[in-house]
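For the sequence shown, this note's numbering assigns the number 381 to the initial residue and increments by one for each residue that follows.
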Amino acid sequence: MDLALALGRRGLGRTWPNPAVGAVIVKDGVIVGRGWTQDGGRPHAEVEALRRAGEAARGATMYVTLEPCSHFGKTPPCADAIIRAGIARVVSALEDPNPQVAGAGHARLRAAGIAVEVGLGADEARRDHSGHIRRVRDGRPHVMLKLAISADGKAGAAGRRPVAITGEAAQQRVHLMRAQSDAIMVGIGTVLADDPLLTCRLPGMAKYSPVRIVLDSALRLPLGSRLVRSTRDVPVWVITGAAAPPAAKRALEDQAVTVLSVDSGRSSRPLLASALKALAARGITRLMVEGGPTLAEALIRPDLVDELILFHGDKSIGPDGIDAFTLESLALLTQRLRKVESAAVGTDRRDMFLRI
């Protein structure tokens with residue numbers, strides 16, 4: 381199961397809207413097949429593992445990180461493929477919360493005489509499939525908020541002046557996090573201040589860059605920004621309110637930018653809950669948020685942060701810097717999230733917090 385989980389992670393950020401599943405087939409103590417969900421969500425991991433195992437799958441055990449599907453989607457059910465291949469036993473980490481599956485895959489396997497065990501590696505699988513689970517249960521992506529914080533608790537310099545908080549090792553880890561996310565979101569303030577590219581710039585991994593999303597109520601995204609200029613290489617989606625200027629919308633769409641209008645309530649700004657539901661409707665399951673403290677607080681208050689990644693730098697910015705969190709936001713995070721990991725990343729430290 382450890383191997384199946386590791387294989388499944390190869391697809392993180394690239395299989396949406398499907399979960400990134402891993403599967404391993406074992407016979408007489410020997411691995412005879414392994415697979416993971418391919419880019420775009422097909423073929424599924426189970427089918428890939430069966431293809432590699434061939435006739436050796438008959439009488440074997442399959443370890444899989446999520447319940448095999450039992451319904452016809454764009455591909456036939458994996459449960460049927462497992463039955464046809466003659467698998468004798470299936471060890472599944474989790475039951476799939478998708479209402480189209482929800483135990484039906486396991487039931488179909490058992491009805492065919494296959495021994496089914498559920499629960500091995502469940503905690504780790506639940507973390508790996510958190511995006512899929514959040515989307516099918518709550519209709520929104522799993523939201524991972526990432527912030528870099530200086531030694532004196534600041535997230536930026538006064539006046540949004542550029543300042544390096546973390547070192548090269550931490551920056552490389554952030555690029556890997558981007559590659560494992562379906563989409564990355566920032567506010568228009570970050571774009572106007574930094575003109576970011578928001579791609580994965582690890583060697584050979586540019587093709588794994590996530591969809592880039594900008595919250596922009598007045599559609600101020602400059603047509604000459606690096607985001608817009610590169611949108612034909614890596615998609616850019618802009619989320620705005622219903623009152624956004626039509627001319628600006630047309631200008632962005634002429635540059636191949638996707639503009640999504642969502643409910644803005646009584647405010648001119650798009651409601652974040654509505655924005656997240658719109659992203660889930662388009663298949664996004666894992667959303668990385670790299671905006672600054674303003675966007676962070678806007679997500680924290682309505683309880684929309686599922687995971688928090690803090691990179692602690694070893695340098696101070698000074699009293700004029702921008703605080704990473706308000707006292708209220710810090711209190712809310714303390715109530716809702718718990719630290720599950722802390723590790724050195726070069727000269728910096730990375731802390732991971734997950735929803736309790």
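Backbone N, C-alpha and C define an ideal beta-carbon position, used for all residues, glycine too.
For Thr455 versus His424, is the C-beta spacing smaller than 8 angstroms?
yes
State whether the stretch 558-568 contacts the stretch 708-723, with contact taken as three or more CB pairs (one from each stretch) at a distance under 8 angstroms.
no
Less than 8 angstroms between CB atoms is the rule here; does Ile736 satisfy it with respect to chain C?
Chain labels in this structure do not include chain C; a single protein chain is all it has.
Could you pull out every unbroken beta strand (DSSP E) segment of at least 3 residues lying fully inside the stretch 423-460, listed in chain order?
441-444
Backbone secondary structure at Arg469 - three-state DSSP:
strand
Check Ser353 in the structure and name its three-state DSSP category.
Since the first residue shown for the chain is 381 and the last is 736, residue 353 is missing from the structure and cannot be characterised.
Supposed close pair Ala473, Met381 - CB separation, criterion 8 angstroms:
6 angstroms
Burial state of Glu447, where buried means 16 or more other Cβ atoms lie within 10 Å:
Taking every protein chain shown into account, the CB of Glu447 has 16 or more other CB atoms within 10 angstroms, so this residue is buried.
If you drop the 5 nearest sequence neighbours on each side, which residues of the same chain put their C-beta closer than 8 angstroms to that of Val608?
Leu601, Pro602, Val616, Leu632, Gln635, Val637
Is it true that the CB of Ala461 sits closer than 8 angstroms to the CB of Leu489?
no
Pick from Pro626, Val470, Phe705, Thr417 that is closest to Arg389, judged by C-alpha positions:
Thr417
Taking the alpha helix (DSSP H) that Thr570 belongs to, which residues open and close that run?
Its alpha helix (DSSP H) spans residues 568-574.
When DSSP labels each residue in this structure, what does Ile494 get in the three-state scheme?
coil
At a cut-off of 7 angstroms, would you count Gly547 as near the ligand ATP, judging by its Cβ distance to the nearest heavy atom?
The ligand content of the structure shown is nil, which means the ligand ATP is not present either.
Is Asp613 helix, strand or coil by DSSP?
coil
Beta-carbon contacts of Trp396 that lie in its chain and below 8 angstroms, excluding the five residues immediately before and after
Gly421, Gly511, Asp562, Gly663, Ile664, Thr665, Arg666
Can you name, in chain order, every residue of its own chain whose Cβ lies under 6 angstroms from the Cβ of Ser589, other than the five neighbours on each side?
Here the set comprises Thr579, Cys580, Val614.
Please report the residue range of the alpha helix (DSSP H) in which Asp382 lies.
382-388
Is the beta carbon of Phe691 closer than 8 angstroms to that of Thr570?
no
Boundaries (first-last residue) of the beta strand (DSSP E) holding Thr714:
Run containing Thr714: none in the beta strand (DSSP E); it sits in the alpha helix (DSSP H), 707-716.
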